[in-house]
Amino acid sequence: MKSRDLENTLAIFKREFLSYFNSPVLYVIVVIYLLATMAFTFFFGQQLLETNNASLTETFFVWHPWIYVVLAPAVGMRLWSEEHRLGTFELLMTMPLSPWQAIIGKFFAAAMVWLIGLALTFPVIITVCWLGNPDPGPMITGYAASYLYALGCLAVTSAASAYTRSQVVCFIVSVALCIALTLIGHPGILNTVLNTVPSVLEPVVRFISYLSFMDHFFEMTRGIFVLRDVLYFVSVIIVALIVTHMGLRSKRA
Amino acid sequence: MNLNSKEGTAGITALLVIAIVLAVNFLVGGLGLGNARVDLTQNKLYTLADGTRNILDRLNPDKPVTIRYYETSDDRIMPPQLKMRATVVRDLLLEFQTAAKGKIILERLTPNPNTEDEDRAREDDLQGIQVNQDGDTLYFGMAIQSAAQKEVLPFLNPGEETSLEYNITRAIQKVSKTSKTVVGVMTSMPIMGSPMFPFQQQRGQQPWVLIQRLRMDYEVRDVPMSSDKIDSDINTLVVIHPADITEAAEYAIDQYLLKGGKVIALVDPQSIVAKRVYSNQPNPMTGQPGGVINPTSDLPNLLKAWGVSFSKTQVVADVNYRSAQGGQNPLDLELPAEALSQTDRITASLQPLRVLVSGAFTLDTRDGIESTILASSSKANEMLDVSEAESLTPERMNTFSPTGRPQILAVRLSGKFKTAFPGGRPKTPAAGLESGGAQEDTTAPKPADAPAPPVVTTSPAAPVATPKVETPAKPAEKKEEFNISDGTIKESVSSEGMVVLFADADMMYDELCVARDRLGEMVAANANLPLMLNAIEVLSGGGDLLQVRSRAATQRPFLKMAELREKVDQKFRPQRQALQTKLDETAQKMGPLRVKDGQLADPSQIKELNELMKTQSDINRKIREVKREQNKEIEFTKSMIVLLNFLVVPLLVVSLGILLAIRRRVITAAV
Numbered sequence: 001m002k003s004r005d006l007e008n009t010l011a012i013f014k015r016e017f018l019s020y021f022n023s024p025v026l027y028v029i030v031v032i033y034l035l036a037t038m039a040f041t042f043f044f045g046q047q048l049l050e051t052n053n054a055s056l057t058e059t060f061f062v063w064h065p066w067i068y069v070v071l072a073p074a075v076g077m078r079l080w081s082e083e084h085r086l087g088t089f090e091l092l093m094t095m096p097l098s099p100w101q102a103i104i105g106k107f108f109a110a111a112m113v114w115l116i117g118l119a120l121t122f123p124v125i126i127t128v129c130w131l132g133n134p135d136p137g138p139m140i141t142g143y144a145a146s147y148l149y150a151l152g153c154l155a156v157t158s159a160a161s162a163y164t165r166s167q168v169v170c171f172i173v174s175v176a177l178c179i180a181l182t183l184i185g186h187p188g189i190l191n192t193v194l195n196t197v198p199s200v201l202e203p204v205v206r207f208i209s210y211l212s213f214m215d216h217f218f219e220m221t222r223g224i225f226v227l228r229d230v231l232y233f234v235s236v237i238i239v240a241l242i243v244t245h246m247g248l249r250s251k252r253a
Numbered sequence: 001m002n003l004n005s006k007e008g009t010a011g012i013t014a015l016l017v018i019a020i021v022l023a024v025n026f027l028v029g030g031l032g033l034g035n036a037r038v039d040l041t042q043n044k045l046y047t048l049a050d051g052t053r054n055i056l057d058r059l060n061p062d063k064p065v066t067i068r069y070y071e072t073s074d075d076r077i078m079p080p081q082l083k084m085r086a087t088v089v090r091d092l093l094l095e096f097q098t099a100a101k102g103k104i105i106l107e108r109l110t111p112n113p114n115t116e117d118e119d120r121a122r123e124d125d126l127q128g129i130q131v132n133q134d135g136d137t138l139y140f141g142m143a144i145q146s147a148a149q150k151e152v153l154p155f156l157n158p159g160e161e162t163s164l165e166y167n168i169t170r171a172i173q174k175v176s177k178t179s180k181t182v183v184g185v186m187t188s189m190p191i192m193g194s195p196m197f198p199f200q201q202q203r204g205q206q207p208w209v210l211i212q213r214l215r216m217d218y219e220v221r222d223v224p225m226s227s228d229k230i231d232s233d234i235n236t237l238v239v240i241h242p243a244d245i246t247e248a249a250e251y252a253i254d255q256y257l258l259k260g261g262k263v264i265a266l267v268d269p270q271s272i273v274a275k276r277v278y279s280n281q282p283n284p285m286t287g288q289p290g291g292v293i294n295p296t297s298d299l300p301n302l303l304k305a306w307g308v309s310f311s312k313t314q315v316v317a318d319v320n321y322r323s324a325q326g327g328q329n330p331l332d333l334e335l336p337a338e339a340l341s342q343t344d345r346i347t348a349s350l351q352p353l354r355v356l357v358s359g360a361f362t363l364d365t366r367d368g369i370e371s372t373i374l375a376s377s378s379k380a381n382e383m384l385d386v387s388e389a390e391s392l393t394p395e396r397m398n399t400f401s402p403t404g405r406p407q408i409l410a411v412r413l414s415g416k417f418k419t420a421f422p423g424g425r426p427k428t429p430a431a432g433l434e435s436g437g438a439q440e441d442t443t444a445p446k447p448a449d450a451p452a453p454p455v456v457t458t459s460p461a462a463p464v465a466t467p468k469v470e471t472p473a474k475p476a477e478k479k480e481e482f483n484i485s486d487g488t489i490k491e492s493v494s495s496e497g498m499v500v501l502f503a504d505a506d507m508m509y510d511e512l513c514v515a516r517d518r519l520g521e522m523v524a525a526n527a528n529l530p531l532m533l534n535a536i537e538v539l540s541g542g543g544d545l546l547q548v549r550s551r552a553a554t555q556r557p558f559l560k561m562a563e564l565r566e567k568v569d570q571k572f573r574p575q576r577q578a579l580q581t582k583l584d585e586t587a588q589k590m591g592p593l594r595v596k597d598g599q600l601a602d603p604s605q606i607k608e609l610n611e612l613m614k615t616q617s618d619i620n621r622k623i624r625e626v627k628r629e630q631n632k633e634i635e636f637t638k639s640m641i642v643l644l645n646f647l648v649v650p651l652l653v654v655s656l657g658i659l660l661a662i663r664r665r666v667i668t669a670a671v
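Keeping their order, the protein sequence lines are chains A and B.
Yeah, the first sequence ends on 253 if you go by the UniProt record's numbering, and it's all consecutive.
Yeah, the second sequence ends on 671 if you go by the UniProt record's numbering, and it's all consecutive.
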């Protein structure tokens with residue numbers, strides 16, 4: 001990447017990132033995110049204080065996918081829809097920058113917002129460290145897995161928003177896509193599908209179920225980075241950004 | 001879209017990139033290429049232990065080990081919980097395969113209902129679980145085979161995740177061995193049994209259940225107490241109650257250990273079995289009245305060299321761990337899980353252990369020797385003199401003064417041992433007369449059967465021999481090395497020396513470790529027998545197998561919470577105890593006033609009784625209040641933790657938002 005490209009990308013990143021702080025939506029989403037993660041950690045399923053185990057795997061990280069499928073689209077829905085609606089997209093495209101610079105700049109701005117959101121869950125770390133003697137490894141990989149999951153959902157939202165001018169439509173479509181990507185690996189759903197499709201299609205169904213977000217998330221929360229899981233999330237992000245690019249091109253055309 | 005246009009080309013490129021990304025994912029995930037991993041857990045829980053790697057390195061390339069891993073893939077049958085676990089198992093097996101560098105053949109079979117793989121699973125004795133009324137069976141296990149030897153892990157229970165690596169490694173080691181492991185038993189008691197002796201019309205004695213059980217898995221070899229040499233092909237030597245052991249026998253054990261042998265010793269300051277069961281029994285071989293077996297046993301020279309002190313005259317009395325079968329006798333102990341090491345492979349997940357009139361060890365550090373306490377008494381113990389222990393009365397318990405620190409009842413020592421006989425072979429009359437140059441030659445282990453090369457470390461600068469050297473050295477050279485002084489090895493040839501010591505020998509006597517169930521079958525009555533079998537398995541498996549530790553995430557409890565509970569409990573304890581004392585006093589006063597033959601004595605007594613009952617319910621109410629108060633303090637802390645987690649950061653975020661909004665408004669208004 002030339003330095004000019006980098007400057008352009010950074011400029012977009014800065015503009016987008018700061019614009020988040022000017023909108024009350026960001027604060028609302030971050031607060032909802034924090035309240036939701038803490039509520040799930042302390043009140044639902046295996047409750048952290050009742051487990052008597054200074055590990056966040058089963059109590060804290062386990063809920064993150066379900067929170068992201070709703071909240072990541074809420075952050076990402078304005079990425080392109082807003083530009084389409086306000087007509088600023090055309091303006092943006094007249095500027096001397098390539099669509100890729102805009103896509104990456106905007107995506108990283110949204111990613112940075114999630115990084116802040118995730119970092120703000122730090123009280124739970126202080127809590128387990130104060131209460132017991134946790135293993136830092138699974139915490140590090142758990143946070144990384146959680147962040148990758150959020151970025152995956154965000155990239156999918158980015159792709160959806162490139163195709164619609166309505167934020168609401170973008171939000172609904174993105175949530176649906178994220179839930180689908182989370183659930184396609186669910187054994188119950190897989191079974192139902194396997195029971196109905198002809199046996200010739202079974203490998204195809206299995207391959208699709210391999211693309212489930214969930215399957216690649218949990219192993220990382222236990223304290224290990226497995227190449228295939230990291231690669232999977234990175235691939236999802238790359239593919240979704242390519243789809244975003246295609247969407248933007250088609251709009252411009 | 002016009003394919004010749006710029007957009008068309010870009011679209012095709014994009015689709016191509018997507019296809020490549022999907023293909024890469026499929027190749028990496030589906031073909032197992034993406035197993036590369038970084039293990040960030042503190043104890044490297046998901047990485048093969050060095051011990052496993054050593055065992056895999058030593059596998060014979062000409063005799064590969066086949067692992068047939070069976071996992072039902074049908075999602076209609078496989079529950080999600082097992083499916084997730086299967087990923088862990090698959091990854092682990094791939095690690096085994098990679099580390100074995102071709103010496104492990106991994107076959108993955110999918111025994112779905114009505115398939116050939118299901119038949120193979122049955123042939124391999126896998127334990128299937130029927131999941132529905134159609135008779136569909138789930139399989140999740142493995143068979144590990146090398147040549148004709150096979151070990152089966154019939155079902156990989158999710159609850160036993162802790163020992164998955166250990167179980168697989170143990171099975172690999174077992175099937176790759178060509179000969180049966182030899183366990184030597186040295187004892188002063190007739191625990192090996194005796195054959196029927198027709199001339200005396202005597203019934204032969206059955207060996208102890210321990211010996212019968214050992215014979216199922218090992219070749220058990222009797223090592224007489226008079227031995228002055230222990231065969232080097234013995235993997236583990238079990239010494240049970242070595243009463244009146246000679247220095248020559250101790251020397252033999254010493255040299256055996258230094259050559260790489262493993263020793264389990266049960267010594268006893270007061271063996272009740274030796275004293276009451278075997279002493280003065282007629283000798284089954286001759287029918288003549290038997291001799292007296294000294295109830296006290298010790299390994300005086302060896303223990304000293306290993307840094308272990310053991311009093312032959314003192315036994316442990318413990319009021320906390322009194323066994324129920326022992327009639328609350330503080331010398332008959334039942335050790336619960338908390339008295340046993342839960343991290344050591346030998347004692348982990350075992351309980352209870354029963355010991356009878358046990359002694360205690362004190363440890364002194366020795367260079368190169370690491371000690372792990374396997375079993376200890378509670379803090380409420382007192383060391384009693386043997387003579388006092390014999391005539392222990394319940395009244396004596398009134399003057400019981402606990403030492404306040406646990407006594408060590410069993411310990412494992414590992415590392416590099418030094419000889420207990422630095423001056424060389426002890427000059428016993430027999431050895432002195434018989435042993436000469438010729439004797440020394442015979443005691444020198446043959447290069448072929450030594451468990452580790454018998455290289456003597458003659459000086460600190462001398463290189464330590466690695467156990468991997470297999471080329472038999474020329475006998476002349478060997479002899480030369482061994483003939484330094486009288487052939488005594490001064491130091492362990494490797495750092496994998498291993499000794500397990502118990503301060504009670506009676507624990508392995510049938511009456512104390514097995515019982516008959518309703519069908520008349522012998523079953524383990526407590527953990528004594530499993531513990532000994534564990535110890536022998538772990539030790540005969542060698543140091544490498546010992547290093548294969550648990551892979552499961554260790555429980556990391558909330559220490560602060562326990563601390564807090566204890567603190568609150570301490571605060572309220574005097575109050576609760578005072579109330580309890582009052583309650584007891586009231587109950588005592590009520591006793592004589594209670595109904596006698598269906599009637600109360602007189603109205604004044606009725607009145608008194610009613611008052612006492614009122615007092616009683618008052619005290620009970622107060623006790624409840626105290627308990628509630630106590631719980632409230634703990635609950636308060638918990639609620640504070642939850643509230644702080646919930647509120648602090650969101651409030652900060654909201655405040656920041658409001659501040660920024662106000663600032664913006666001010667700036668806009670100014671403009």
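For glycine and all other residues, C-beta sits at the position ideal for the given N, C-alpha and C.
Note that the structure is a prediction, hence the values are computed from the model and not measured.
Chain B contact residues for residue i, given Cβ-Cβ distances below 7 angstroms
i, result
"A:F218", "M84"
"A:P123", "L644, N645, V648 and V649"
Closest residue to residue i among the options (Cα-Cα distance)
i, options, result
"A:A160", "A:V31, A:L227 and A:H245", "A:H245"
"B:S311", "B:V152, B:K262, B:V183 and B:D504", "B:D504"
"B:T296", "B:R276, B:P242 and B:K259", "B:P242"
"B:V338", "B:L353, B:L583 and B:P154", "Per the sequence presented here, residue 338 of chain B reads as Glu, with Val not at that position. When each option's Cα is compared against that of B:E338, the closest is B:L353."
"B:A389", "B:L214, B:L56 and B:P269", "B:P269"
"B:Q145", "B:S358, B:K638 and B:I168", "B:I168"
"B:D117", "B:V277, B:T98, B:A100 and B:M142", "B:M142"
With 16 other Cβ atoms within 10 Å as the buried cut-off, status of residue i
i, result
"B:R551", "Here B:R551 scores only 49 on pLDDT, less than 50, and its place in the model should not be relied on; the value that follows carries that caveat. Its Cβ being crowded by 16 or more others within 10 Å, B:R551 is buried."
"B:I12", "exposed"
"B:G591", "exposed"
"A:G142", "buried"
"B:Q407", "buried"
"B:N645", "buried"
"B:F96", "buried"
"B:S114", "Position check: residue 114 of chain B holds Asn in this sequence, whereas Ser was assumed. By the 10 Å Cβ count, B:N114 comes out exposed."
"B:L82", "buried"
"A:I242", "buried"
"B:T393", "exposed"
"B:S358", "buried"
Contacts of residue i in chain A (Cβ-Cβ under 8 angstroms)
i, result
"B:Q42", "D135, P136 and G137"
"B:A14", "I242, V243, H245 and M246"
Interface residues of chain A facing residue i [CB-CB closer than 7 angstroms]
i, result
"B:I657", "Residue 657 of chain B is actually Gly in this sequence, not Ile. Within chain A, the residues near B:G657 are P24 and Y27."
9 angstroms Cβ cut-off: residues of chain A touching residue i
i, result
"B:F26", "F207 and Y210"
"B:I606", "Correct list: empty, because the minimum Cβ distance to chain A is about 49 angstroms."
8 angstroms Cβ cut-off: residues of chain B touching residue i
i, result
"A:H64", "Those within 8 angstroms of A:H64 in chain B number zero; the least Cβ separation is about 16 angstroms."
"A:F42", "V642, N645 and F646"
"A:F225", "R37, V38 and L40"
Residues sharing a beta bridge with residue i, DSSP
i, result
"B:A410", "B:A375 and B:F502"
"B:N381", "B:D318"
Within-8 angstroms CB hit, residue i to chain D
i, result
"A:G132", "Checking the listed chains, one finds no chain D in this structure; the protein chains it contains are A and B."
Every unbroken alpha helix (DSSP H) within the region 489–539 of chain B, with a cutoff of 4 residues, ordered by chain: 510–513
Residue ranges of each beta strand (DSSP E) within the region 142–228 of chain B, 3 or longer: 149–153, 182–187 and 219–222
Continuous beta strand (DSSP E) assignments of at least 3 residues falling wholly in the region 80–136 of chain B: 104–109
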